[in-house]
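Asks: Before anything else, here's the structure in question.
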Amino acid sequence: MKYPISIRSPIASFLLDRRAPWVWLALLLANGALFTVNLGSGELSIPPLDVWLALLGQGSSADQMILHSLRLPRVVTACLVGIAMGTAGALFQGVMRNPLASPDIIGVTGGASVAAVAVLTFTGSGGGGWLPLAAFGGGAAAAALIYILAWKEGVSPLRLVLIGIGIQTAAQGLTTLFLILSPIHTTSQAMVWLTGSIYASSWSTVYNLLPWLTVFLPLAWLLTRPLNLLQLGDPVAVGLGGAIQWHRFAITLTGVALAAAAVSVAGPIGFVGLMAPHIARLLTGPAYGSMLPAAALTGSMLVMAADWVARIAFSPLDLPAGLFTAVLGAPFLLVLLLRSDRHST
Amino acid sequence: MSQPVLHRPTRRWAGLVWGTAAMALSMLASVKWGWTQIDWTSLFTAYTTDTPTREQLVVQSTRVPRALIAASVGASLAMAGALMQALTRNPLASPGIFGINAGAAFFVVAATSFFTVSSLQSYTWIAFAGAAVAGLMVTLLGSSGRTGLTPIKLTLAGAAMTALFSTLTQGILVMDQRTLEEVLLWLSGSIVGRKVETLLSVLPFFAAAWILTLALSSPITTLVIGEDVAKGLGQRTAWVKAGAALCVVLLAGGAVAVAGPISLVGLLVPHIARILVGYDYRWVIPYCFVLGGTFLLLADIGARYLIMPGGPVMAWLTGTGAKVSVDEVPVGVITALLGVPFFITIARRSLSH
Numbered sequence: 001m002k003y004p005i006s007i008r009s010p011i012a013s014f015l016l017d018r019r020a021p022w023v024w025l026a027l028l029l030a031n032g033a034l035f036t037v038n039l040g041s042g043e044l045s046i047p048p049l050d051v052w053l054a055l056l057g058q059g060s061s062a063d064q065m066i067l068h069s070l071r072l073p074r075v076v077t078a079c080l081v082g083i084a085m086g087t088a089g090a091l092f093q094g095v096m097r098n099p100l101a102s103p104d105i106i107g108v109t110g111g112a113s114v115a116a117v118a119v120l121t122f123t124g125s126g127g128g129g130w131l132p133l134a135a136f137g138g139g140a141a142a143a144a145l146i147y148i149l150a151w152k153e154g155v156s157p158l159r160l161v162l163i164g165i166g167i168q169t170a171a172q173g174l175t176t177l178f179l180i181l182s183p184i185h186t187t188s189q190a191m192v193w194l195t196g197s198i199y200a201s202s203w204s205t206v207y208n209l210l211p212w213l214t215v216f217l218p219l220a221w222l223l224t225r226p227l228n229l230l231q232l233g234d235p236v237a238v239g240l241g242g243a244i245q246w247h248r249f250a251i252t253l254t255g256v257a258l259a260a261a262a263v264s265v266a267g268p269i270g271f272v273g274l275m276a277p278h279i280a281r282l283l284t285g286p287a288y289g290s291m292l293p294a295a296a297l298t299g300s301m302l303v304m305a306a307d308w309v310a311r312i313a314f315s316p317l318d319l320p321a322g323l324f325t326a327v328l329g330a331p332f333l334l335v336l337l338l339r340s341d342r343h344s345t
Numbered sequence: 001m002s003q004p005v006l007h008r009p010t011r012r013w014a015g016l017v018w019g020t021a022a023m024a025l026s027m028l029a030s031v032k033w034g035w036t037q038i039d040w041t042s043l044f045t046a047y048t049t050d051t052p053t054r055e056q057l058v059v060q061s062t063r064v065p066r067a068l069i070a071a072s073v074g075a076s077l078a079m080a081g082a083l084m085q086a087l088t089r090n091p092l093a094s095p096g097i098f099g100i101n102a103g104a105a106f107f108v109v110a111a112t113s114f115f116t117v118s119s120l121q122s123y124t125w126i127a128f129a130g131a132a133v134a135g136l137m138v139t140l141l142g143s144s145g146r147t148g149l150t151p152i153k154l155t156l157a158g159a160a161m162t163a164l165f166s167t168l169t170q171g172i173l174v175m176d177q178r179t180l181e182e183v184l185l186w187l188s189g190s191i192v193g194r195k196v197e198t199l200l201s202v203l204p205f206f207a208a209a210w211i212l213t214l215a216l217s218s219p220i221t222t223l224v225i226g227e228d229v230a231k232g233l234g235q236r237t238a239w240v241k242a243g244a245a246l247c248v249v250l251l252a253g254g255a256v257a258v259a260g261p262i263s264l265v266g267l268l269v270p271h272i273a274r275i276l277v278g279y280d281y282r283w284v285i286p287y288c289f290v291l292g293g294t295f296l297l298l299a300d301i302g303a304r305y306l307i308m309p310g311g312p313v314m315a316w317l318t319g320t321g322a323k324v325s326v327d328e329v330p331v332g333v334i335t336a337l338l339g340v341p342f343f344i345t346i347a348r349r350s351l352s353h
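Going line by line, the protein sequences match chains A and B.
Per full-length UniProt numbering, the very first residue in the first sequence carries number 1; after that it's consecutive.
Per full-length UniProt numbering, the very first residue in the second sequence carries number 1; after that it's consecutive.
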């Protein structure tokens with residue numbers, strides 16, 4: 001933080017580390033490389049150059065067909081899901097001042113899962129277009145419930161986390177109930193969704209996601225100043241003129257919207273919301289202005305990589321991506337806790 | 001610390017007798033009531049007749065094993081929860097919340113899927129191993145770092161481990177359709193269709209753990225007052241903790257091997273026991289035994305009636321177009337839903353001090 005860049009405008013002000021733009025650029029390039037490799041691999045592998053030719057409307061028509069109708073929607077979905085999860089995770093960790101608070105651990109994804117599985121059970125089919133909407137409603141309802149139950153002369157971060165764990169437990173119970181109630185083929189379908197998979201994505205998935213991201217991503221970036229303030233602790237934040245309860249509400253709402261949107265298309269892909277912000281913090285330092293975009297890009301890389309491995313490594317089996325983020329996330333968690341606990345309360 | 005409800009020894013003994021009676025009555029109720037109607041005479045002659053009727057066969061093969069399993073699993077989970085809450089000084093500690101049930105369940109599912117384990121004895125050992133691994137990981141995670149073992153870190157580490165193990169379990173089930181059908185009901189915490197052999201393979205471990213826990217109840221009471229006090233009184237605290245940890249693994253692991261992961265019994269019952277008798281674990285532990293057994297027996301009876309064919313809930317479900325393929329709610333779902341309001345109450349209260 002030796003030579004900070006400071007950007008001030010009427011609606012937002014940023015304090016950036018000099019390093020941050022370079023980190024962003026590096027992450028963007030890495031994302032691009034992964035994107036290209038991911039698109040190029042599969043039953044029919046396409047060299048990187050041809051991938052870009054096909055994307056730009058040149059190349060052979062076979063390549064264009066495979067990319068546009070099959071691989072591109074899936075990889076783009078992975079990107080968007082990762083961006084949403086990474087950002088949501090950063091927002092949650094910031095607002096709760098806790099390195100372990102991610103949407104999947106504190107009940108938001110649990111709520112989304114209940115609603116989605118209920119839809120699968122009660123309609124007895126794929127749920128049609130209702131699945132994303134139901135997941136969003138469930139996630140938002142869970143978050144609202146957590147917020148209300150954690151309210152006691154204001155919301156303390158600690159209480160928020162604990163209540164979230166309780167809600168997550170209830171959500172799991174209900175999810176199991178619906179799974180048991182439904183016929184076995186619905187159950188196995190729901191199981192794939194519950195593990196977190198981008199398997200069934202199409203262009204309509206992308207169009208379902210985009211509106212949420214276009215509204216809430218900019219909002220998240222506008223909230224970096226209050227997020228930075230909140231890190232100083234409640235008394236300091238109030239002293240510096242932060243309306244902390246109101247800020248907390250806005251940040252939580254934005255986090256829920258992003259997490260629920262991601263869960264609604266991809267299921268609860270575990271640990272991305274946990275890992276991405278930490279990796280980003282390592283790269284850019286703790287200031288949210290530089291960290292938030294890095295978290296988004298890291299999240300995108302994580303989901304793309306997980307889905308790529310899930311699709312390719314065990315071919316012809318197409319495994320749920322969530323399996324790999326969980327396997328990656330567990331040792332990460334261990335290292336995280338062994339290294340330090342200075343952010344924890 | 002408020003005054004316990006039962007503070008005189010005579011009242012405590014009386015309470016324990018009442019609790020035992022309640023557990024016995026619940027067991028009787030569990031055998032008597034259910035989908036198959038059983039009249040009192042055939043119930044009481046079920047084990048004395050040479051030519052059992054269909055009802056008496058149901059009693060022998062289904063009802064009695066089920067009652068025994070519910071009672072011993074409930075008692076064991078409650079005792080495990082009491083031990084964990086005492087050891088970690090965390091009111092939210094329990095095998096379900098701290099990922100121990102999830103760990104044991106994952107190990108069992110992985111073993112069935114990858115190695116096609118079928119013998120009951122190996123089921124038990126695998127569940128113990130899973131419980132031990134999960135317990136160790138949560139303890140390591142929760143006590144690492146500069147501030148050491150704090151309640152909030154422990155709880156979060158438990159939640160994270162639960163998340164990890166359940167994702168891994170789901171992953172296996174996605175890949176392996178056969179295992180999915182086999183274990184789904186078990187995985188939701190259910191004692192439907194469990195045979196008495198399942199219980200018998202675990203019972204020696206349960207019994208050993210019950211006795212050891214009772215023996216440890218006095219040193220643990222001292223330990224709860226404070227580690228320094230306990231050491232000052234000449235207690236080898238490390239041994240007491242190790243013994244208690246062993247008990248937790250046997251109790252929780254055994255419970256998962258028999259009935260699958262049943263959550264929040266281990267959280268809820270110790271709190272009720274402490275409201276009744278305070279912080280003297282010489283009393284808390286036996287109370288947990290009878291109350292935990294009674295609680296799970298009652299929850300299991302409730303689970304039978306909730307979506308019974310022809311019942312009102314079932315009629316409503318089919319009316320809404322749900323395709324229901326089972327005729328009972330797993331008891332684990334009932335305990336989870338009953339327990340969560342309680343969990344939230346404790347979470348809200350424990351932070352106000």
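We put the beta carbon where it would ideally sit given N, CA and C, even for glycine.
From a predicted model like this one, the values you see are computed outputs, not experimental measurements.
Is residue 52 of chain A helix, strand or coil by DSSP?
Replies: Collapsing the DSSP output to three states places residue 52 of chain A in a helix.
Asks: Going by the DSSP bridge assignment, what does residue 151 of chain A pair with across the sheet?
Replies: A/155
Asks: Among residues of its own chain, excluding the 5 on either side of residue 345 of chain A, which ones have a beta-carbon nearer than 7 Å to its beta-carbon?
Replies: Bear in mind that a pLDDT of 39 at residue 345 of chain A, under 50, signals an unreliable position, so the model cannot answer this.
Asks: Please report the residue range of the alpha helix (DSSP H) in which residue 228 of chain B lies.
Replies: 227 to 232
Asks: Over the uninterrupted alpha helix (DSSP H) stretch that includes residue 152 of chain B, give me the two end residues.
Replies: 151 to 175
Asks: In chain A, which residues lie with their C-beta within 7 Å of the C-beta of residue 60 of chain B?
Replies: At a C-beta separation below 7 Å, residue 60 of chain B has no neighbours in chain A, since its nearest C-beta there lies roughly 27 Å away.
Asks: Examine chain A for any beta-carbon lying closer than 8 Å to the beta-carbon of residue 230 of chain B, and answer yes or no.
Replies: By this cut-off, residue 230 of chain B is not an interface position.
Asks: Let me confirm a value: residue 153 of chain B is counted as buried when at least 16 other C-beta atoms fall within 10 Å, else exposed. Which label applies?
Replies: Around the beta carbon of residue 153 of chain B, 16 or more other beta carbons lie within 10 angstroms, which makes this residue buried.
Asks: Under three-state DSSP, which class holds residue 296 of chain B?
Replies: helix
Asks: Assign residue 131 of chain B to one of two classes, buried (16 or more other C-beta atoms within 10 Å of its C-beta) or exposed (fewer than that).
Replies: buried
Asks: Would you mind telling me which residues of chain C sit closer than 8 Å to residue 177 of chain B, beta carbon to beta carbon, in chain order?
Replies: Of the protein chains in the structure, A and B, none is chain C.
Asks: If you measure beta-carbon to beta-carbon, which residues of the stretch 311 to 326 of chain A are closer than 8 Å to chain B?
Replies: 317, 319, 320, 322, 323 and 326
Asks: Measure the Cβ-Cβ separation of residue 269 of chain B and residue 291 of chain B and say whether it is below 8 Å.
Replies: Result yes, Cβ atoms of residue 269 of chain B and residue 291 of chain B sit closer than 8 Å.
Asks: Using the beta-carbon of each residue, which ones in chain B are nearer than 8 Å to residue 244 of chain A?
Replies: Listed by position along chain B, the residues whose Cβ is nearer than 8 Å to that of residue 244 of chain A form an empty set, because the closest Cβ is around 18 Å away.
Asks: For residue 347 of chain B, return the contacting residues in chain A, with the cut-off set at a CB-CB distance below 7 Å.
Replies: 159, 162, 163 and 166
Asks: Does DSSP put residue 99 of chain B in a helix, in a strand, or in coil?
Replies: coil
Asks: Is any beta-carbon of chain B found at less than 8 Å from that of residue 343 of chain A?
Replies: Caution applies to residue 343 of chain A, whose pLDDT of 45 falls short of 50 and renders its modelled position unreliable; the value that the coordinates give is listed next. Judged by the 8 Å Cβ criterion, residue 343 of chain A is not in contact with chain B.
Asks: Please list, in chain order, the residues of the stretch 177 to 195 of chain B that have any C-beta partner in chain A closer than 9 Å.
Replies: 177, 180, 181, 184, 185, 187, 188, 189 and 190
Asks: If you reduce the DSSP assignment to three classes, tell me which class residue 287 of chain A lands in.
Replies: If DSSP states are grouped into helix, strand and coil, residue 287 of chain A belongs with coil.
Asks: So, helix, strand or coil for residue 254 of chain A, using DSSP?
Replies: helix
Asks: Specify the secondary structure class of residue 271 of chain A as computed by DSSP and reduced to three states.
Replies: Looking at residue 271 of chain A - three-state DSSP - the assignment turns out to be coil, as it is neither helix nor strand.
Asks: Return helix, strand or coil for residue 32 of chain B, following the three-state DSSP convention.
Replies: helix
Asks: Tell me which same chain residues have a C-beta within less than 6 Å of the C-beta of residue 253 of chain B, skipping the five on either side of it?
Replies: Hits under 6 Å: 104, 127, 128 and 131.
Asks: Take the Cβ of residue 329 of chain A as the centre, count every other Cβ of all protein chains shown within 10 Å, and call the residue buried at 16 or more, exposed below.
Replies: buried
Asks: So residue 205 of chain B contacts chain A; which residues on that side make the cut at Cβ distance below 7 Å?
Replies: Within chain A, no residue comes near residue 205 of chain B; the closest Cβ sits about 26 Å away, beyond 7 Å.
Asks: To the nearest angstrom, how far is it from the Cα of residue 359 of chain A to the Cα of residue 135 of chain B?
Replies: An answer regarding residue 359 of chain A cannot be provided, because it is not within the stretch 1 to 345 covered by chain A.
Asks: Determine, for residue 6 of chain B, whether the minimum Cβ-Cβ distance to residues of chain A falls below 8 Å.
Replies: no
Asks: Using a Cβ-Cβ cutoff of less than 7 Å, which residues in the same chain neighbour residue 218 of chain B once the five nearest sequence positions on both sides are dropped?
Replies: Once the five neighbours on either side are set aside, the close Cβ partners of residue 218 of chain B are 282.
Asks: When you compare the stretch 217 to 229 of chain A with the stretch 182 to 196 of chain A, are there three or more beta-carbon pairs, one atom per stretch, that lie closer than 8 Å?
Replies: no
Asks: Give me the Cβ distance between residue 180 of chain B and residue 197 of chain A, rounded to the nearest whole Å; I'm assuming they're in contact under 8 Å.
Replies: Actually they do not touch by this definition, with Cβ atoms about 15 Å apart.
Asks: Between the C-alpha atoms of residue 299 of chain B and residue 29 of chain B, what's the straight-line distance to the nearest angstrom?
Replies: Distance from the CA of residue 299 of chain B to the CA of residue 29 of chain B, rounded to the nearest whole angstrom, comes to 12 Å.
Asks: Closer than 6 Å by C-beta to residue 67 of chain B: which residues in its own chain qualify, once you throw out the five before and the five after it? Chain order, please.
Replies: Taking C-beta separations shorter than 6 Å and ignoring five residues to either side along the sequence, the partners of residue 67 of chain B in its chain run 27, 30 and 31, following chain order.
Asks: Quick one: Cα of residue 100 of chain A to Cα of residue 94 of chain A, how far?
Replies: Residue 100 of chain A and residue 94 of chain A: Cα-Cα distance of roughly 10 Å.
Asks: At a CB-CB cut-off below 9 Å, which residues of chain A make contact with residue 337 of chain B?
Replies: 170, 173, 174 and 177
Asks: Using only CA atoms, which one of B/36, B/114, B/150 and B/39 lies nearest to residue 92 of chain B?
Replies: B/150
Asks: Answer yes or no: do residue 296 of chain B and residue 331 of chain B have a C-beta to C-beta separation smaller than 8 Å?
Replies: yes
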